[in-house]
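Peer 1: Numbering (this note's numbering), first residue to last: 5 to 192. Dropping a structure here in structure tokens format, bear with me for questions.
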Amino acid sequence: MLRRPLLLLPLALAACASPDPDLYTLVAIPGTPVPTGPRRVELRRIGLAGYLDRPEILRASANYRLDLARNDRWGEPLGRMSERVLTENLVQRLPDAAVSSEAGAISTTPDVIIEIDIQRFDADSSGTVTLLAQVALRREGGQRPQAQAGTLRFTAPVSGAGTTGLVAAMSTTLAALADSIARMVAQR
Numbered sequence: 005m006l007r008r009p010l011l012l013l014p015l016a017l018a019a020c021a022s023p024d025p026d027l028y029t030l031v032a033i034p035g036t037p038v039p040t041g042p043r044r045v046e047l048r049r050i051g052l053a054g055y056l057d058r059p060e061i062l063r064a065s066a067n068y069r070l071d072l073a074r075n076d077r078w079g080e081p082l083g084r085m086s087e088r089v090l091t092e093n094l095v096q097r098l099p100d101a102a103v104s105s106e107a108g109a110i111s112t113t114p115d116v117i118i119e120i121d122i123q124r125f126d127a128d129s130s131g132t133v134t135l136l137a138q139v140a141l142r143r144e145g146g147q148r149p150q151a152q153a154g155t156l157r158f159t160a161p162v163s164g165a166g167t168t169g170l171v172a173a174m175s176t177t178l179a180a181l182a183d184s185i186a187r188m189v190a191q192r
């Protein structure tokens, strides 16, 4: 009699296990190439607001509350993923420049340094993703007061239901950020 409950124990434990998470990634979205002439551009590590620094995908924020997707996770840390995808976007938009990431294995002496601090990157209750980022461009060796800086805001509607539509809208706003940065680099 004691054996039967012991045989059922693994089944009971398996029933309590949570399902494998669904993993998502941001993707680069092609944009319009901007002529810059030969330059070396380095994207520094992206600063990320603390509330975004988590493996779960943040579905929405409203009324002082964060709504997390319980079983939907980022495939890599959001800050590093944003940096990787933004670098890929910039490589495509700045074809004359050598674009690298500070976190990458290749290092150069850059002509232009890009610094980004993401303060908001989520959807609101109406289904609109907002990316709010402070961006600064400066020359290597240049003083910070000579930097070109500003706060940029981009929005995109979430199309469709579910996490896939949310992540697609986030990728769209990151591409819009890359468009603005490419134009800033071209003006330097």
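Note that CB positions come from ideal geometry on N, CA and C, so glycine has one too. Keep in mind the model is a prediction, meaning the values are calculated, not measured.
Which residues in the same chain have their Cβ closer than 8 Å to the Cβ of S22, if we skip the five residues on either side of it in sequence?
Peer 2: N75
Peer 1: Starting from V103, follow its DSSP beta bridges and name the residues at the other end.
Peer 2: V45.
Peer 1: Which partner residues does E144 have in the DSSP bridge list?
Peer 2: Answer is none; E144 lacks a bridge partner.
Peer 1: Would you mind stating whether I61 and R77 have Cβ atoms separated by less than 8 Å?
Peer 2: Closer than 8 Å, so yes.
Peer 1: Which ranges does the beta strand (DSSP E) cover as unbroken runs of at least 3 residues, wholly within the stretch 54 to 81, from first to last along the chain?
Peer 2: 60 to 66, 69 to 78
Peer 1: At the 8 Å Cβ level, is E106 part of the contact set with chain C, yes or no?
Peer 2: Absence of chain C from the displayed structure is noted, only one protein chain being present.
Peer 1: Are there 16 or more other CB atoms within 10 angstroms of the CB of P149, so buried, or fewer, so exposed?
Peer 2: Bear in mind that a pLDDT of 43 at P149, under 50, signals an unreliable position, so the model cannot answer this.
Peer 1: Can you tell me where the beta strand (DSSP E) with I120 in it begins and where it stops?
Peer 2: 116 to 127
Peer 1: According to DSSP, simplified to helix, strand and coil, what is G131?
Peer 2: Correct three-state label for G131: coil.
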